[in-house]
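What follows is a single structure, written as structure tokens, with notes after it.
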Amino acid sequence: MTKLKWWQTAVFYQIYPRSFADGDGDGIGDFKGIIQKLDHLQDLGIDAIWLSPHFPSPNWDFGYDISDYLGVAPEYGTLDDFKTFLAESHQRNIRVILDLVLNHTSDQHPWFLESKSSRDNPKADWYVWVDEPPNNWQSCFDGDAWTYVPERDQYYYHYFMKQQPDLNWHNLEVKQALWDAARFWLDLGVDGYRLDAIGTIFEDPNLTPHNVPMKLAELRRASELAQSPAQKKKVEKYWRDMFKNQIGGPGLHDLMKELRAVIDEYNGDRVLIGEDENIDFLGNGDDELHLVFNFPLADLDRITPRQIRRNQRERIARLKRLPKGGWACNTLGNHDRSRLHSRYGDKIHDAALARLNAALVLTLRGTPFLYYGEEIGMTDLIITDPARLRDTMATWYYERLVNELKVDPAEAALRAGEMSRDKNRTPMQWSNSPNAGFSPPGVETWLRVNPNYKDGINVRDQEHNPNSLLNYYKHLLRVRKHTPALLEGDYIPLHNTAKDHFAFIRKSNDQTVLVVLNYSDSKLDLDFSRNKEIKGKSLHTLFSSAVRSRVDLDPKSIHIGAFEVFIAEVK
Ligand code: NOJ
Ligand code: MG
């Protein structure tokens, strides 16, 4: 095997700490809980954890509004608990990357409290202050992007909530403070960072207004009501136009290069992964970020063989064009999106489609990211009682719908529940016992537990069932780990016009593997014998989601069951 870096072969698993495991029984996940569950992750076979923010936060955006970059949120534990978590993870050969939020802090961060206190304090220029709102920019969470502060008789800019003021990255002290924060955790031994919302760090220096003839809540409502293709196209354009001047401003690439230099001061191949789909963030392939996410794949309304092929063609070509080459990174779920099981289901074959899509992420070329609970098939839980919503942006949307847009409260509650990110952040389902084993019985969990833990969607029940999704993931992860072509091989698409199935080869120096994903409910009889990589050889089954009686197969006639995942070595 050629020498790949650990982050190229690793499978990452995202933990949303609030929702993973409650070790102290207060209804909120914490480090004690995570540590108790590391064995589950080791059994599952993942190699690295991405931990969503664990820092002290007033929790308007659950850790994405940080009030101390060097601390641990008290509800999650202490710095010592963090260190234990890190050591216990490393002991199990599981790396840990943290979430680094650069664009903004909490409005309760001492830096902001100082900055807002007067126009001439030492941190007066650490945030983005103006005398008058210079334009109609919107906060992507709710309302205007400029908020008034009487102490300064000025406004500050915030791309996200008003509780998340944007830092002024033109100020060198700001940069220094954030690089110091990054170093603090690197010194403790963390393996890298997922970089939050990097695209929002710099805005259009001309402050060009947007030209969308409505406010954010109206646009959201218009998207919900859009029926015809023309209406849908129009709202899509509005979404792009509304925020386009607030993202991707000049300076970002130099900044990423600087951060890369900070990371490279450390040994052990620490990694930077940008929350962005733009391959430009990889620089020349070796001087900015190591990875960006393939969000265009996750953004597809329906995952079809044709769409996947197109996505792979475009992404891989772009990565190859980088002077030093770039590495792919695929995911179908995180704390901001509807869960894989719900989003890509068709309501009839959801379970089968979830297995297919898991196999997709784990066999495509690139580093896979899984989201907690995906391995047991957790689904979205739409919260329709506005009082039980926890995602602030959804609460605010509900209020706008009812109070300003005069939408019927029942309809508003449903819409707010659907757009809320609460639906995909419910507590992890560990067992078929009260609170799904996330918190002790009788405790009120911070966010509702999805009652479907009683229907087998929990770790304990699935551990004992050889046919469970959990065991399917474990098996697939093992096969991946022991199949060099799946880790490092090139991607060669086959059967390029097939609508029902997606077939491709992964080819490394010493191994060739065929992957077939049948996205249809029909059985297929496929001929691979004419492909030049396969011609004259036979297929040795490595993995199948179906029951197969024979292991070695003639490529001339391969029978693939409905929704089957089939992986075979070409020998
Ligand atoms: C992206 C994060 O994934 C999301 O959860 C958060 O609300 C925003 N950035 C703001 O930090
Ligand atoms: Mg707790």
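Here the sequence shown stands for residues 578 to 1148, numbered as in the numbering used here. By construction, the Cβ of each residue, glycine as well, lies at the ideal position given by its N, Cα and C atoms.
Which residue wins for smallest C-alpha separation from residue i, given the options the options?
i: N680; options: G602, D773, H1136, P651; result: D773
i: D927; options: D957, R914, S1106; result: D957
i: D677; options: W723, S629, K1058; result: In the sequence as displayed, the identity of residue 677 is Leu instead of Asp. Closest by alpha carbon: S629.
i: E976; options: L615, I775, A794, D658; result: A794
i: R883; options: D599, S596, L1094; result: L1094
i: I623; options: T586, D657, I605; result: T586
i: E981; options: D719, I671, K580, G922; result: D719
i: S1097; options: N934, L763, R1125, D1087; result: N934
i: R771; options: I611, H631, K811; result: H631
i: L1103; options: S1085, N1086, V1124, F1081; result: F1081
i: S1139; options: F1079, E1146, D658, K1114; result: Here the sequence assigns Ala to residue 1139, which means Ser is not the residue at that position. For the residues F1079, E1146, D658, K1114, the minimum Cα distance to A1139 belongs to F1079.
i: D707; options: G1019, E665, A722, C717; result: According to the sequence provided, residue 707 is Val. The question's Asp does not apply to it. Of the candidates G1019, E665, A722, C717, the one whose C-alpha sits nearest the C-alpha of V707 is A722.
i: T1003; options: W1023, L829, E988; result: W1023
i: D831; options: P687, D857, R1125; result: D857
i: V1147; options: A838, K1109, I592; result: K1109
i: S644; options: F659, Y653, S634, T881; result: S634
i: R1235; options: T1074, D913, L859; result: Outside the modelled stretch of the chain, which goes from 578 to 1148, sits residue 1235, for which no answer is possible.
i: Y1149; options: W627, F597, Q619, P687; result: In the structure displayed, the chain extends from 578 to 1148; residue 1149 sits before or after that span and is not available.
i: G862; options: R879, K897, I885; result: K897
i: E865; options: K901, A875, R886; result: K901
i: D853; options: L874, K809, A838; result: L874
i: E728; options: Y734, L755, L690; result: L690
i: F639; options: I605, Q613, Q619; result: I605
i: L937; options: Y590, Q591, E1141; result: E1141
i: H686; options: W637, R669, E1065; result: W637
i: Q753; options: A625, V839, I626, N855; result: V839
i: N1012; options: L647, Q613, P1028; result: P1028
Does the distance from the C-beta atom of residue i to that of residue j stay below 8 angstroms?
i: A990; j: T961; result: yes
i: L1119; j: I1144; result: yes
i: P1070; j: S1106; result: no
i: T682; j: L744; result: yes
i: Y1049; j: S1122; result: yes
i: V1036; j: H617; result: yes
i: D764; j: W583; result: no
i: Q907; j: Y948; result: Position check: residue 907 holds Asn in this sequence, whereas Gln was assumed. For N907 and Y948, no; Cβs fall outside 8 angstroms.
i: I778; j: W746; result: yes
i: A993; j: A964; result: no
i: V812; j: A803; result: yes
i: D599; j: G610; result: yes
i: Y1068; j: R1083; result: yes
i: P1061; j: Q1039; result: no
i: H787; j: W714; result: yes
i: W703; j: S694; result: no
i: L796; j: T940; result: no
Would you say the beta carbon of residue i comes nearer than 7 angstroms to a heavy atom of the ligand MG?
i: E1141; result: no
i: E652; result: yes
i: D863; result: no
i: D657; result: no
i: D601; result: yes
i: G648; result: no
i: D607; result: yes
i: G610; result: yes
Environment of the ligand HEM in chain order, Cβ to heavy atom below 5 angstroms: Absent from the structure shown: the ligand HEM. Ligands present: the ligand NOJ and the ligand MG.
Of all the beta strand (DSSP E) runs that stay within the bounds of the region 943 to 990, which reach a length of 3 or more residues? 944 to 948
List in chain order: all unbroken alpha helix (DSSP H) runs of 4+ residues lying wholly within the region 1033 to 1087. Whole alpha helix (DSSP H) segments, 4+ residues: 1036 to 1040, 1046 to 1058, 1061 to 1065.
Please give me, in chain order, every unbroken run of the beta strand (DSSP E) with length at least 3 that falls completely inside the region 830 to 869. 848 to 851
What alpha helix (DSSP H) runs, 4 residues minimum, are completely inside the region 710 to 796? 749 to 765
Could you name each continuous alpha helix (DSSP H) segment of 4 residues or more that falls completely within the region 657 to 708, going from the start of the chain to the end? 687 to 694
Runs of alpha helix (DSSP H) wholly within the region 606 to 639 (minimum 4 residues, chain order): 608 to 613, 615 to 621
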